[in-house]
Amino acid sequence: MTAAQLLQRIIDFRDQRDWQQFHTKENLAKSVSIEAGELLELFQWGEDPPDDKLSDEIADVLIYCFLLAHEIGQDPLELMQHKLARNEQRFPVDRVRGNNGKATRVEPGAPQDPAPAYKAQQTQQSEQPQKGNS
3 MTAAQLLQRI IDFRDQRDWQ QFHTKENLAK SVSIEAGELL ELFQWGEDPP DDKLSDEIAD
63 VLIYCFLLAH EIGQDPLELM QHKLARNEQR FPVDRVRGNN GKATRVEPGA PQDPAPAYKA
123 QQTQQSEQPQ KGNS
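Sequence positions in the sequence shown follow this note's numbering and run 3 to 136.
As structure tokens, then:
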């Protein structure tokens, strides 16, 4: 089954139940979050949940993500391809390999080494007079 066929099956399921009326962007975004919360809840007490329960919750998240992408006129796979391409630029392998990438991502127009920019920002903030300390 292709992604387009899967999306059509999801839409058919929704439309046969007359649920489109409830599927606003806001409601779909809330549903993504709610289902993601249910996925996270499986790990709440440090447990290793069964794969079948994980699979169900992952599927719920993905279904709502597909519906939300459809609602804004976007192909879900194209969205992921574009985001992955941007992430490949923002997180070059030679800069982030082996760490979480938070401090080493490369934003468009940012200096190649983000450490000096971060240090300069911290210095500027520490040199500003503190409110209420005059």
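Beta carbons: idealized from backbone N, C-alpha and C, even for Gly. As the structure is a computational prediction, the values presented were derived from the model and not from experiment.
| Item | Value |
| --- | --- |
| Report yes if the C-beta distance between Ala71 and Asp62 is below 9 angstroms; otherwise report no. | no |
| Are the CB atoms of Glu40 and Tyr66 nearer to each other than 9 angstroms? | no |
| On the criterion of 16 or more Cβ atoms from any shown chain inside 10 Å, does Ser33 qualify as buried, or is it exposed? | buried |
| Can you round the beta-carbon distance between His25 and Glu73 to whole angstroms, since I take them to be within the 8 angstroms contact cut? | 6 angstroms |
| Is the distance from the Cβ of Leu69 to the Cβ of Leu30 below 9 angstroms? | yes |
| My assumption, with CB atoms under 8 angstroms, is that Ala5 sits in contact with Leu81. Please give the rounded CB distance. | That pair is no contact at about 11 angstroms. |
| Can you give me the Cβ contacts of Lys27 inside the same chain, cut-off strictly under 6 angstroms, excluding the 5 residues immediately before and after it? | Glu73 |
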